[in-house]
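Following: one structure in structure tokens, then a few remarks.
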Amino acid sequence: MGTSPDAAASAGQLSTELLGAMAYGELSAFGRLSSDSRYAPTLHDRSVLAKIAVGAYGNFALLNDRLSEMGIDPEHAMLPFQRAFDHFHERTKPGDWFESVMKAYVIDTVSSDFYRAVSMFLDPTTQHFVERVASPDQATEVLRVLLRRALADDPRLASRLALWGRRLVGEALTQAQRVGMEHPLLGPMLKSGGDARAAVKRLTTELANKHARRMTGLGLTA
């Protein structure tokens, strides 16, 4: 059986919204990481975060090109997400280097989980593209290593970073719920049907569980 026009239109809109959200997220990450590198205790650490920022811009360029290939104006695709993303980052400004690294790690991993979960409802080509861009990569591991090193050097950081991590993931999940409700196609409903609020709640619960396992791996309480 062929795909109905309505289903095809919904899938196309979902692709546009997902790639638009990802593109603005990566562009935002580039600016944020570049700025946060000023907290670095050494020039080496500063260069590490700068390199991750460059990687975020590279991802943005890939998403920008993909949207253009689809005949979509990248700026128009990103604009619906700008206000919410900027508001989130305004509420979660790190106070020092350790909080910057924790924020980069939490946002990188939680957003990756979110984007890949939503991409499961898209065509295989788009799903593969999202998987390639959003999957945890060397940058994720670098951030994990930085956190483990910091915690090993100063175990007293554990309680503070655990608290900061809980705040970050709480804000991130609230953001995911808000985006899911404001852009219902971003909730995993295309194939399962059902209530938008329930779908978004299921997704955020899954994201929270994955985050908790990562924090446990760092020796922190989620």
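Remember, the working numbering sits 26 above the position in the sequence shown when you count from 1. Yeah, the Cβ is synthetic: ideal placement off N, Cα and C, and Gly gets one too. In this text, all values refer to a predicted model and were calculated from it rather than measured experimentally.
Distance CB(residue i)-CB(residue j) smaller than 8 Å
i	j	result
G51	F147	no
A160	M241	no
S145	V127	no
H115	R175	no
L172	L93	no
L183	L244	no
A79	S60	yes
Y65	D139	no
Own chain partners of residue i with C-beta closer than 6 Å, once the 5 adjacent residues on each side are dropped
i	result
D8	Only positions 27 to 248 of the chain appear in this structure, which leaves residue 8 out of reach.
T247	A188
Q203	V226, T230
G84	none
A55	A82
Under the three-state DSSP convention, the category residue i falls into
i	result
I133	helix
D163	coil
A55	helix
R182	coil
K119	coil
T68	coil
F147	coil
I78	helix
T200	helix
L233	helix
L40	helix
D91	helix
R239	helix
L246	coil
D112	helix
G46	helix
S30	Confidence at S30 is low in this model, with a pLDDT of 49, below 50, so its placement is unreliable and no value can be given for it.
D99	coil
Burial state of residue i, where buried means 16 or more other Cβ atoms lie within 10 Å
i	result
K119	exposed
V136	buried
H237	buried
Q201	buried
P181	exposed
H70	exposed
V74	buried
Q39	exposed
P150	exposed
P31	Interpretation of P31 is limited by its pLDDT of 48, a score under 50 that renders its predicted location unreliable; the figure taken from the coordinates is listed afterwards. So P31 counts as exposed.
S63	buried
P100	buried
L105	exposed
Close-in-space but distant-in-sequence residues of the same chain around residue i (CB under 7 Å, 5 per side omitted)
i	result
T152	S41, S145
E125	W190
R117	E197
Residues of its chain near residue i, where Cβ-Cβ distance is below 8 Å and the 5 sequence neighbours each way are ignored
i	result
A142	Looking at the sequence itself, residue 142 is Arg, so the reference to Ala does not match. For R142, where only same-chain residues beyond five positions count, the Cβ hits under 8 Å are V156, E157, A160, S161.
V132	G191, L194, V195, A198, H237
L169	I78, V127, A130, Y131, D134
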